[in-house]
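K.L.:
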Amino acid sequence: MPKLGENRSACMGRLYGYALEGHEVVARQVPNDITRVRIDRDSGLLTNKTDGSTMFEYFKIGTEPKEYVQESLTDTLYSNDESGGESLF
């Protein structure tokens, strides 16, 4: 049985298709003084990740973030226990 919201994307796609039916698609050009950068969704800082924790954002040139988010070197499979050592489970 489908979960609530499971087919939301398909429904929204159809809804937008009906709403925009007959309307011309117009490509927009990004102005020359605007830049697009990939940022971390939580911090707003630059990132090199390409997963769901990031997004592209547009900035006026000169106002975009300059520093990168600190990438964690600890893999999420590991966790620190009370003694300071690492454990897998």
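Numbering-wise, this note's numbering puts 55 at position 39 of the sequence shown, and it's gapless, one number per residue.
Ideal Cβ placement from N, Cα and C applies to all residues, glycine included.
Please go through the same chain and pick out, in chain order, the residues whose beta-carbon is closer than 8 angstroms to the beta-carbon of residue 17, but skip the five residues on each side of it.
P.N.:
Here residue 17 refers to the residue found at position 1 of the sequence shown. Note that residue 17 has pLDDT 49, beneath the 50 cutoff, so the model's placement of it is unreliable and the number below is only indicative. Nothing listed; no residue qualifies.
K.L.:
Express the C-alpha separation of residue 42 and residue 30 in angstroms, rounding to a whole number.
P.N.:
Here residue 30 refers to the residue found at position 14 of the sequence shown. Here residue 42 refers to the residue found at position 26 of the sequence shown. Cα to Cα, residue 30 sits roughly 20 angstroms from residue 42.
K.L.:
Specify whether the region 48-55 and the region 67-85 touch according to this definition: at least 3 beta carbon pairs, one from each stretch, less than 8 angstroms apart.
P.N.:
At 8 angstroms Cβ cutoff, the stretches touch.
K.L.:
Taking residue 86 as the reference, which of 71, 37, 58 has the closest Cα?
P.N.:
As a position in the sequence shown, residue 86 is number 70, starting the count at 1. With distances taken between Cα atoms, residue 86 lies closest to 58.
K.L.:
Closer than 7 angstroms by C-beta to residue 34: which residues in its own chain qualify, once you throw out the five before and the five after it? Chain order, please.
P.N.:
On the sequence shown, position 18 is the one that residue 34 refers to. None.
K.L.:
Is the distance from the Cβ of residue 66 to the Cβ of residue 55 below 8 angstroms?
P.N.:
As a first step, residue 66 must be located in the sequence shown, where it is residue number 50. As a first step, residue 55 must be located in the sequence shown, where it is residue number 39. Cβ atoms of residue 66 and residue 55: not closer than 8 angstroms.
K.L.:
Who are residue 54's beta bridge partners in DSSP?
P.N.:
The sequence position of residue 54 within the sequence shown is 38, counting from 1. Partner(s): 72.
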